[in-house]
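**Student:** To start, I am sharing the structure in question, which I have written as structure tokens.
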Amino acid sequence: MGTLDFYRHNVLVTSATQAPSTPAHPTLNRPNLVSVGTVVWLSSELMFFAGLFAMYFTLRSTSGTMWAEETAKLNFPFALVNTIVLVASSFTCQMGVFAAERLEPRRTGRLMQFTRWGMTEWFSLTFIMGAFFVAGQTMEYAMLVSEHVSLSSNAYGSAFYMTTGFHGLHVLGGLIAFLFIIGRAFAAKKFGHFEATSAIVTSYYWHFVDVVWIGLFLVIYVLK
């Protein structure tokens, strides 16, 4: 019996030694550093705009009568159309991201076949819509200046132009980024994951700009 027990013990130990080992914990994929860096940077931008919102509310709380007089000069329907165009550009931007994730930089069908569009077509349409928004905001500035609402006219003018002006500069930055991404797609010999990642992080920025404007629109044009 002692010999038999010794044999069984050796067989079990040998089998356990030869069995493949499995890690105690599953291996996690490392997050994309470009995406993480973009999110961190956008967090700092969010704090910047939070400061602008705080400035706007503080000035409004101390100048109620002035705010009522000056906000009456705003063209709400015009701003609403401009806002709809900018918000719609987020959807076209996301369609471009979907195409980039499929590694389709350009359309695979006719120009009017929107379902066959690639990243460059969707991003080009997004660029046009963003440029429309900037042009509309410029026209609104001209109309307000004719109504004697300027950056140095009073507290309302300072708050209005600083909040919307800084946002407009961010929109211009996004338009430049779209041109860069579109140009890279045409210049690259092969559209790969590196180019797709650039398109994705650009969409993060554009969605952020759109969300900030929705907040500004509600505060400035709706909650007069």
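So the sequence shown is numbered by my numbering: it starts at 76 and just counts up by one. Glycine included, C-beta positions come from ideal geometry on N, C-alpha and C.
#1: Rounded to a whole number of angstroms, what is the C-alpha to C-alpha distance between Ser165 and Ala174?
#2: By the 10 Å Cβ neighbour count, where 16 or more other Cβ atoms means buried, how is Ser278 classified, buried or exposed?
#3: Determine the DSSP secondary structure at Phe266, reduced to helix, strand or coil.
#4: Report, in whole angstroms, the separation of the C-beta atoms of Phe208 and Val160, which I expect to be a contact under 8 Å.
#5: Taking the alpha carbon of Thr146 as the reference point, which residue from Ser225, Glu176, Phe253 and Gly249 has its own alpha carbon closest?
#6: Which residue's Cα is closest to the Cα of Tyr296: Leu178, Leu117, Leu134 and Thr239?
#7: Per the contact definition of three or more C-beta pairs closer than 8 Å, is the segment 238-258 in contact with the segment 122-136?
#8: Between Val162, Gln169 and Arg135, which lies nearest to Trp197 when the distance is taken from Cα to Cα?
#9: Excluding the five sequence neighbours on either side, which residues of its own chain have a C-beta within less than 8 Å of the C-beta of Lys148, listed in chain order?
#10: Can the beta-carbon of Gly184 be found less than 8 Å from the beta-carbon of Arg191?
#11: Check the C-beta distance from Ala263 over to Thr195 and give it rounded, since I have them as a contact under 8 Å.
#12: So within the segment 119-183, which uninterrupted alpha helix (DSSP H) runs reach at least 4 residues, ignoring any that extend past its ends?
#13: Quick one: is Ala129 buried, meaning 16 or more other Cβ sit within 10 Å of its Cβ, or exposed?
#14: Quick one: Cα of Gly243 to Cα of Gln188, how far?
#15: Taking all protein chains shown into account, do 16 or more other C-beta atoms lie within 10 angstroms of the C-beta of Pro152, making it buried, or fewer, making it exposed?
#16: To the nearest angstrom, how far is the alpha carbon of Ala303 from that of Ser233?
#17: Once DSSP output is grouped into helix, strand and coil, what is the label at Val286?
#18: Assuming Leu117 contacts Phe283 (C-beta within less than 8 Å), just tell me the rounded distance between them.
#19: May I ask you to report which of helix, strand or coil DSSP gives Val224?
#20: Please report the distance separating the alpha-carbon of Leu298 from that of Arg135.
**Tutor:** Result, derived from the coordinates:
#1: For the pair Ser165 and Ala174, the Cα-to-Cα distance works out to about 14 Å.
#2: It is buried - the Cβ of Ser278 has at least 16 other Cβ atoms within 10 Å.
#3: coil
#4: 6 Å
#5: Ser225
#6: Thr239
#7: yes
#8: Gln169
#9: Leu219, Glu222 and Val224
#10: yes
#11: No, Ala263 and Thr195 are not in contact; Cβ-Cβ is about 11 Å, not under 8 Å.
#12: 139-146 and 151-176
#13: exposed
#14: 32 Å
#15: exposed
#16: Any property of residue 303 remains undetermined from this structure, which presents the chain solely from 76 to 299.
#17: helix
#18: 5 Å
#19: coil
#20: Using only the alpha carbons, I get a separation of about 11 Å.
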